[in-house]
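So the sequence shown is numbered by the working numbering: it starts at 1 and just counts up by one.
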Amino acid sequence: MNLTSAEYKEIARDALKEKRFEATISFLLAALLGAFCTSAYFICQFAAAMGVSIRFFEGVPHFLSFLLVMGIILALFYFFVGGAIRFGYIDYNLALLDRRRTEIFRLFGKFTMFWKALYMRVIVLICEFLYSLLLIVPGIIAVYSYAMVPYILEEKPNYSVGRAMRTSKKIMKGHKWQLFCLRFSFLGWYVLGIVTFGLAFLYAGPYINAAEAVFYNEISGRADVYYGRNK
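See below:
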């Protein structure tokens, strides 16, 4: 079923109605534990935090060395741990949409997939980087082609990363523009998040991720099966 961005967002808002506080805490924890560390927004935010720290504390003895070491440690922690947390956060959002029992501890329920999550991040990043070396457009196409890989692996943990990437490319065929429009429709929230130093994302973050989970539900056919539309 092809829905508009407005319809994806409406379904997400409806799912969040009675779970707003819990969803906000889940999003905040997921963000703090590196679930989104490979996103452009997170990288910019991390760089900005480093820049602000340098501006205000550069006079402290050995501060730059300390900041460099801490930055490397945090970046490695986010990258290594964040993949498994990302799977857990996807599980939380799908449960939210399905009206199943949701709880914050779902974030930590996918650590059995730790190595697969790490391998997924490395391989997908390498593929996106290699495509981007060709030109900007192939790089963007690669980003959208592989956008559903973590959703597929969370739902079907028996899949290999390669199979999940092929499946993502298949289900995203004809839907890349749709996902771009959905993400672009949140541009105002991204701007507001930047000018409020991230505070607006306490509201927008769960909303954005729930809407993207709705998108996956629809284009993958999961919604048809789970909600009995095929009967």
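Quick reminder that beta carbons are idealized off the backbone N, C-alpha and C, glycines included.
This structure is a prediction, so every number in the text was calculated from the model and none was measured.
- Distance from S26 to L107 at the Cβ level is roughly 6 angstroms; contact confirmed, criterion being Cβ atoms closer than 8 angstroms.
- In this structure, M148 sits near S168, with a CB-CB distance shorter than 8 angstroms.
- Here V60 carries a coil assignment [DSSP, helix/strand/coil].
- Within a 10 Å sphere around the beta-carbon of G193 sit 16 or more other beta-carbons, which makes this residue buried.
- For G193, the uninterrupted alpha helix (DSSP H) run begins and ends at 187-195, by DSSP.
- Less than 8 angstroms separates the beta-carbon of P206 from that of A23.
- The C-beta distance from K116 to V81 rounds to 14 angstroms, too long to meet the 8 angstroms contact threshold.
- Contact annotation: G34 and I85 have beta-carbon atoms nearer than 8 angstroms.
- When the beta-carbon positions are compared, S5 and L187 stay at least 8 angstroms from each other.
- Take the alpha-carbon of I11 and the one of Y119: they are about 32 angstroms apart.
- For the pair E18 and A213, the Cα-to-Cα distance works out to about 17 angstroms.
- Counting along the chain, E7 sits inside the alpha helix (DSSP H) bounded by residues 5-16.
- Assigned with DSSP and collapsed to three states, Y92 falls in helix.
- If you draw a 10 Å sphere on the C-beta of R100, you find fewer than 16 other C-beta atoms in it, and that means exposed.
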